[in-house]
Amino acid sequence: MSCENCGGCGNGCGECSLLLTEAELALLGRLGETPFLPAAAAFDMKTPVYLEDRDRSREEYAAAIQGLAAKGLIRLDYDIPLENFDYAAYRDYPLHGSMALTGRGQDILEQIEIQGIEE
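Those letters in the sequence shown? Residues 31 to 149, by the numbering used here.
Here it is, written out as structure tokens:
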């Protein structure tokens, strides 16, 4: 994800390309529809858990969340749970938090909607 011209696909040089998996793209789109989604984890916080959609496995969602967070497109906060959300499905995970698009994630989502994506 680094770029010789700007140093990292975030400075708008126009020379960089951002690679997203299908699962990352789907989750990014979901966050475009719903600004905050629940997330959970064990105390070690190594693997995020998202159980709201059943289109993919837990492992695929975990990898998508980690990938989007590493690319700076989402923020994952285990210390900010969603208000009035029933975390009953996440009872096996002690940390209940949330995830949301970052400003960069919002920009990328808008670019995708306007320009489309290349495969």
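Ideal Cβ placement from N, Cα and C applies to all residues, glycine included.
Item	Value
Boundaries of the alpha helix (DSSP H) in which R134 is found, first to last residue	G133 to Q145
D74 versus R121 - alpha carbon distance	16 Å
Where R88 sits in the DSSP three-state scheme	helix
Close beta carbons around E34, own chain, < 6 Å, minus the five adjacent residues each side	Bear in mind that the predicted position of E34 carries a pLDDT of just 47, short of 50, making it unreliable; the figure below should be weighed with that in mind. Closer than 6 Å at the Cβ level, and outside the excluded window around E34, lies no residue.
DSSP state of A72 mapped onto helix, strand, coil	coil
Start-to-end residues for the alpha helix (DSSP H) that takes in L61	E52 to E63
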